[in-house]
Each structure stands twice: as C-alpha cells, then as structure tokens.
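Q: One structure follows; several queries about it will come next.
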Amino acid sequence: MNKESQALIEKYYAAFNAGDMDTFLSLLTDDVIHDINQGQREIGKEAFREFMNRMNRNYKEQLVDMCIMTSDDGKRAAAEFVVLGEYLQTDEGLPPAKGQKYRLPAGAFFEIRDGKVARITNYYNLQDWIAQVEKG
Numbered sequence: 001m002n003k004e005s006q007a008l009i010e011k012y013y014a015a016f017n018a019g020d021m022d023t024f025l026s027l028l029t030d031d032v033i034h035d036i037n038q039g040q041r042e043i044g045k046e047a048f049r050e051f052m053n054r055m056n057r058n059y060k061e062q063l064v065d066m067c068i069m070t071s072d073d074g075k076r077a078a079a080e081f082v083v084l085g086e087y088l089q090t091d092e093g094l095p096p097a098k099g100q101k102y103r104l105p106a107g108a109f110f111e112i113r114d115g116k117v118a119r120i121t122n123y124y125n126l127q128d129w130i131a132q133v134e135k136g
C-alpha cells in the first residue's frame with residue numbers, strides 16, 4: 001500500500017461525497033483520461049467538469065462501503081464501493097427520472113501521476129441500475 005496514493009483517493013471520494021467539485025477537480029491532472037462506464041473515453045479536465053455537471057444535475061449520489069487499494073509504487077489504485085443514489089432528472093437515452101432511489105455496487109481504477117489522478121475508469125452494472133430505476 002502506498003500512503004500518498006491512498007490519501008489522494010480518499011480525498012477524491014470525500015470531495016465527491018461532499019459535493020465539493022472545486023476540490024474534486026483540483027485532484028485531477030489537466031490531461032486526465034476518463035473512461036466512462038460502457039461509454040467513450042474523454043480526455044481533459046474540462047471534459048471531466050462537463051461530465052460531472054451533467055451527473056450532478058441528473059443524479060444525487062453518495063459512495064459508501066469504500067475499500068481502496070494501491071500499488072506499492074503508488075502509480076495505480078483501485079476502489080470498490082456502493083453507490084447510494086437518487087435519479088433526479090432524465091438522462092439522455094435512459095429511463096425517465098421520477099426520483100427513484102438505487103443501490104449499486106461499483107468500482108474504479110486509477111492511474112496516478114505527480115500526486116494527481118491521471119486516469120479514472122469506472123465500472124458498474126448498467127442493466128442492474130436500469131432494472132432498479134424502472135422498478136421505481
């Protein structure tokens with residue numbers, strides 16, 4: 001375990017849970033790579049900011065039961081957690097939003113460079129999420 005990388009990922013998720021987007025985005029490299037679950041790859045902090053603006057408009061989420069793992073050299077990290085969410089506003093191409101609540105296991109992989117997140121790849125089961133929100 002690498003303490004610096006562990007602390008970085010803990011701070012990243014603490015900022016996410018607090019809705020502190022300034023701190024959250026400050027932990028990313030300018031050329032951050034974001035691999036969206038079952039989606040495309042986006043590059044750059046501005047693209048990540050736009051993604052988060054859309055997410056925060058459409059969803060209210062808290063991440064719990066966090067387990068963070070890091071490589072000994074601190075260049076890689078992974079996290080497993082549960083997303084507790086509420087679907088606030090319909091997201092394009094997804095079922096209509098009616099304030100449905102969901103509980104979704106998820107994970108993320110990180111590449112770390114110069115003390116910042118240089119890549120994040122998120123994974124969750126989209127079909128599980130769709131089934132939960134369609135059930136209401």
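1 is the number of the first residue of the sequence shown in full-length UniProt numbering; add one for each residue after it. Note that the Cβ used here is the ideal one computed from N, Cα and C, for glycine as well. As the structure is a prediction and not an experimental result, all values here were calculated from the model.
#1: Starting from the C-beta of Leu88, find all residues in its chain whose C-beta is less than 8 Å away, skip the five residues before and the five after it, and write them out in chain order.
#2: How many Å lie between Gly19 and Leu84 at the Cα?
#3: Using CA atoms only, rank isn't needed, just tell me which of Phe48, Ile130 and Gly107 is closest to Asp91.
#4: Could you tell me if Val32 is buried or exposed, where buried requires 16 or more neighbouring beta carbons within 10 angstroms of its beta carbon?
#5: In this structure, how does DSSP classify Lys135 when only helix, strand and coil are distinguished?
#6: Applying the criterion that 16 or more other CB atoms from any shown protein chain within 10 Å of the CB defines a buried residue, is Ser26 buried or exposed?
#7: Output the distance between the C-alpha atoms of Lys135 and Asp128, rounded to the nearest integer angstrom.
#8: So what does DSSP say about Thr23, is it helix, strand or coil?
#9: When the Cα atoms are used, what is the spatial distance from Tyr12 to Thr23?
#10: Taking just the CA atoms, how far does Met66 sit from Ala79?
#11: Give the secondary structure of Met55 by DSSP, where H, G and I count as helix, E and B as strand, and everything else as coil.
#12: I'd like the ranges of any alpha helix (DSSP H) spanning at least 4 consecutive residues and lying wholly in the stretch 29 to 95.
#13: Tell me which residue opens and which closes the alpha helix (DSSP H) that Ala17 is part of.
A: Working from what's here:
#1: Here the question's residue 88 lines up with position 88 in the sequence shown. Non-local beta-carbon contacts of Leu88 in its own chain, meaning distances under 8 Å to residues more than five positions away in sequence, involve Arg57, Asn58, Tyr59, Lys60, Ala97 and Gly99 in chain order.
#2: One-based indexing of the sequence shown puts residue 19 at position 19. One-based indexing of the sequence shown puts residue 84 at position 84. When rounded, the distance between both Cα atoms is 14 Å.
#3: In the sequence shown, residue 91 corresponds to position 91, counting from 1. Here the closest residue by C-alpha is Ile130.
#4: Position 32 of the sequence shown, counting from 1, holds the residue named residue 32. Val32 should be labelled buried.
#5: As a first step, residue 135 must be located in the sequence shown, where it is residue number 135. If DSSP states are grouped into helix, strand and coil, Lys135 belongs with the helices.
#6: Looking up residue 26 in the sequence shown gives position 26. By the neighbour-count criterion, in which 16 or more other beta carbons inside 10 Å mark a residue as buried, Ser26 falls on the exposed side.
#7: On the sequence shown, residue 135 is found 135 positions in, with the first residue counted as 1. On the sequence shown, residue 128 is found 128 positions in, with the first residue counted as 1. One C-alpha to the other measures close to 11 Å.
#8: Translated into the one-based positions of the sequence shown, residue 23 becomes position 23. It is helical.
#9: Counting from one through the sequence shown, the residue named residue 12 turns up at place 12. Counting from one through the sequence shown, the residue named residue 23 turns up at place 23. C-alpha separation (whole angstroms): 8 Å.
#10: For the purposes of this step, residue 79 is taken as residue 79 along the sequence shown, with counting starting at 1. For the purposes of this step, residue 66 is taken as residue 66 along the sequence shown, with counting starting at 1. Distance between the alpha carbons of Ala79 and Met66 is about 7 Å.
#11: Translated into positions along the sequence shown, residue 55 becomes position 55. Correct three-state label for Met55: helix.
#12: Within the stretch 29 to 95, the complete alpha helix (DSSP H) segments of 4 residues or longer fall at 45 to 58, listed in chain order.
#13: Counted from its first residue, the sequence shown places residue 17 at position 17. The sequence given here has Asn at residue 17, not Ala. Per DSSP, Asn17 belongs to the alpha helix (DSSP H) from Lys3 to Ala18.
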